[in-house]
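One structure below.
Number of protein chains: 2
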Amino acid sequence: MDLYSGYINKLVEELAALPGIGNKSAQRLAFHLINMPEDKVKRLTQTIADAKANVRYCSECYTLTDQEICPVCANEKRDHATIMVVENTRDLAAYEKTGKYQGVYHVLHGAISPMIGIGPGEIKIKELVERCAREDVHEVILATNSSLEGETTAMYISKLLKPAGIRVTRIASGVPVGGDLEYIDEVTLGRALDGRVEL
Amino acid sequence: MDLYSGYINKLVEELAALPGIGNKSAQRLAFHLINMPEDKVKRLTQTIADAKANVRYCSECYTLTDQEICPVCANEKRDHATIMVVENTRDLAAYEKTGKYQGVYHVLHGAISPMIGIGPGEIKIKELVERCAREDVHEVILATNSSLEGETTAMYISKLLKPAGIRVTRIASGVPVGGDLEYIDEVTLGRALDGRVEL
């Protein structure tokens with residue numbers, strides 16, 4: 017599109033390459049950025065650069081943090097013998113928000129997905145196995161997503177860890193709280209039935 | 017939220033302040049940026065800074081361009097006696113895509129909206145009036161949006177320019193091509209009736 021200047025076109029292109037940003041939103045964003053005061057634009061680009069430069073993996077659980085050891089792993093009061101395995105840092109944050117989990121985490125940074133070429137070697141599975149061998153771990157809770165990739169990853173990890181005598185569990189799958197049965201898919205309903213508990 | 021490191025929180029905050037980006041998308045974008053290769057992040061921030069530094073208003077029509085005079089205004093073959101008034105550069109681009117307009121433009125950079133404190137002085141109306149006085153203009157086509165703000169702006173400009181003997185027109189309002197009458201609001205249907213043309 018030669019309707020805009022080269023600088024605008026290049027910016028639209030870069031923005032449209034980000035996830036969840038289509039061509040129209042990219043145009044809208046580009047014009048917003050150009051119309052923003054100079055100091056605000058500087059602050060935004062600096063914030064991006066700072067985050068990129070300072071955020072790294074926690075050396076224990078591989079979550080993204082700006083310290084050598086993340087606050088959860090550094091917390092002595094947490095139960096370090098229970099590890100919850102999640103796909104990414106956002107999932108960790110989601111569980112932390114519940115305030116119900118007292119153990120520590122292990123962040124895989126993805127899930128096994130042969131369709132897009134992500135094998136077990138691409139995510140932090142080896143690191144988890146090594147961590148379980150090195151530390152005194154009682155339970156590994158698999159909290160990967162309830163998707164095909166998440167389930168595959170959970171199965172794979174379970175097969176690796178069980179022979180070592182570690183208790184491996186999977187978070188429950190079922191009807192979400194507040195969910196209307198009528199609108200819930202059959203697979204979820206089937207899982208909810210299979211996982212029914214005594215009252 | 018103290019679940020992420022300070023750098024991540026700051027980045028999420030900055031991104032969530034952009035238009036059309038909510039808190040969840042901002043988190044997703046932030047993690048994407050942090051996981052992006054260093055050189056790609058540098059290229060993105062550089063592109064933003066470049067666009068901000070190099071893009072300015074065309075001294076004729078006030079569209080955003082990286083030259084003193086935008087390509088449309090610089091084009092000798094365009095009809096410089098016909099000016100289409102649009103709200104922003106994206107609207108200009110939309111009309112350029114049709115390939116049907118041979119005149120030049122005037123970009124207001126907004127519309128009159130007392131609700132959010134935008135008066136006639138905040139947008140490029142004075143510049144349009146001066147331009148019409150300075151140049152030999154035969155027709156001004158008002159192509160502001162068909163919204164309350166766009167209509168108000170069109171009315172306001174029309175009242176300013178008509179006394180100077182300039183022909184002021186408004187783009188047609190009616191049923192969009194491919195639109196199903198059943199789903200179109202009453203105001204649009206009324207306009208389509210008022211604006212009916214002889215076949």
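Chain order of the listed sequences is D and U.
The first sequence begins at 17 in our numbering and counts up by one.
The second sequence begins at 17 in our numbering and counts up by one.
Quick reminder that beta carbons are idealized off the backbone N, C-alpha and C, glycines included.
All values derive from a computational prediction rather than experimental measurement.
- Query: Quick one: Cα of Leu124 (chain D) to Cα of Ala170 (chain D), how far?
  - Reply: 11 angstroms
- Message: Using only the alpha-carbon positions, how far apart do Ile132 (chain U) and Gly22 (chain D) sit?
- Response: 32 angstroms
- Query: With 16 other CB atoms within 10 Å as the buried threshold, where does Val28 (chain U) fall?
  - Reply: buried
- Query: Measuring CA to CA, which of D:Gly190, D:Tyr199 and D:Glu214 is closest to Ala208 (chain D)?
  - Reply: D:Gly190
- Item | Extent of the continuous beta strand (DSSP E) run through Met100 (chain D) | Asp95 to Val102
- Item | Identity of the residue in D:Asp201, D:Ile139, D:Gly194 and D:Ala188 nearest Tyr172 (chain D) by Cα | D:Ile139
- Taking the C-alpha atoms as reference points, what is the distance between Val120 (chain U) and Gly135 (chain U)? 25 angstroms
- Assuming Asp152 (chain D) contacts Gln118 (chain D) (C-beta within less than 8 angstroms), just tell me the rounded distance between them. 16 angstroms between Cβ atoms; not a contact.
- Query: List, in order along the chain, the chain B residues whose C-beta lies closer than 8 angstroms to that of Val71 (chain D)?
  - Reply: No chain B appears in this structure, whose protein chains are D and U.
- Task: Assuming Val71 (chain U) and Ile24 (chain D) form a contact by the criterion Cβ under 8 angstroms, report the distance between their Cβ atoms to the nearest whole angstrom.
- Result: 6 angstroms
- Query: Given a limit of 9 angstroms on CB to CB distance, which residues of the segment 56 to 71 of chain D reach chain U?
  - Reply: Lys56, Val57, Lys58, Arg59, Leu60, Thr61, Gln62, Thr63, Ile64, Ala65, Asp66, Ala67, Lys68, Ala69, Asn70 and Val71
- Return yes when the Cβ of Ala109 (chain D) is within less than 8 angstroms of the Cβ of Tyr199 (chain U), no when it is not. no
- Message: For a quick check, are the C-beta atoms of Lys68 (chain U) and Ile99 (chain D) less than 8 angstroms apart?
- Response: no
- Indicate the three-state DSSP secondary structure (helix, strand or coil) for Met17 (chain U) in the structure shown. Below a pLDDT of 50, predicted positions are generally treated as unreliable, and Met17 (chain U), at 43, falls in that range; the measurement from the model is reported next regardless. If DSSP states are grouped into helix, strand and coil, Met17 (chain U) belongs with coil.
- Report yes if the C-beta distance between Val193 (chain U) and Leu177 (chain U) is below 8 angstroms; otherwise report no. no
- Message: Is the beta carbon of Ile182 (chain U) closer than 8 angstroms to that of Ala159 (chain U)?
- Response: no
- Bounding residues of the alpha helix (DSSP H) (the contiguous stretch that carries Ile157 (chain U)): Element bounds for Ile157 (chain U): not the alpha helix (DSSP H) but the beta strand (DSSP E), Glu155 to Leu158.
- Task: Taking only beta carbons into account, state which residues of the segment 25 to 45 of chain U come closer than 7 angstroms to chain D, listed in chain order.
- Result: Lys26, Leu27, Glu30, Leu34, Pro35, Gly36, Ser41, Gln43, Arg44 and Leu45
- Bounding residues of the beta strand (DSSP E) (the contiguous stretch that carries Gly119 (chain U)): Gly119 to Val123
- Item | Minimum Cβ-Cβ distance from Glu76 (chain U) to chain D less than 8 angstroms | no
- Ala32 (chain D) versus Ser163 (chain U): straight-line alpha-carbon distance, rounded: 28 angstroms
- Query: In whole angstroms, what separates the C-alpha of Val76 (chain U) from that of Val88 (chain U)?
  - Reply: The residue asked about is misnamed: residue 76 (chain U) is Glu in this sequence, not Val. Approximately 10 angstroms, taken between the alpha carbons.
- Message: Can you check whether the C-beta of Leu205 (chain D) is within less than 8 angstroms of a C-beta belonging to chain U?
- Response: no
- Classification of Met17 (chain U) by the beta-carbon crowding that lies within 10 angstroms, buried from 16 upward: Confidence at Met17 (chain U) is low in this model, with a pLDDT of 43, below 50, so the placement of that residue should be treated as unreliable; the coordinate-derived value is given next. By the 10 Å Cβ count, Met17 (chain U) comes out exposed.
- Task: Under 6 angstroms Cβ to Cβ from Gln43 (chain D), same chain only, skipping five residues before and after it: list those, please.
- Result: Val28
- Task: Step through the CB atoms of chain D and report whether any lies within less than 8 angstroms of the CB of Glu54 (chain U).
- Result: yes
- Item | Range covered by the beta strand (DSSP E) that runs through Arg212 (chain D) | Per DSSP, Arg212 (chain D) belongs to no beta strand (DSSP E) and is neither H nor E.
- Query: Hey, is Arg106 (chain D)'s beta-carbon within less than 8 angstroms of any beta-carbon in chain U?
  - Reply: yes
- Query: Nearest chain U C-beta to Asp95 (chain D) closer than 8 angstroms, yes or no?
  - Reply: no
- In whole angstroms, what separates the C-alpha of Gln83 (chain U) from that of Asn104 (chain U)? 17 angstroms
- Item | 6 angstroms CB neighbourhood of Ser174 (chain D) in its chain, flanking five on each side removed | Val184
- Message: Taking 8 angstroms as the threshold (C-beta atoms), are Val57 (chain U) and Ala46 (chain D) in contact?
- Response: no
- Check whether the Cβ of Asp201 (chain D) lies closer than 8 angstroms to any Cβ atom in chain U. no
- Under the three-state reduction of DSSP, which class applies to Leu49 (chain D): helix, strand or coil? helix
- Output the residue ranges of the alpha helix (DSSP H) runs that lie fully inside the segment 163 to 202 of chain U and measure 4 residues or longer, sorted by chain position. 164 to 177
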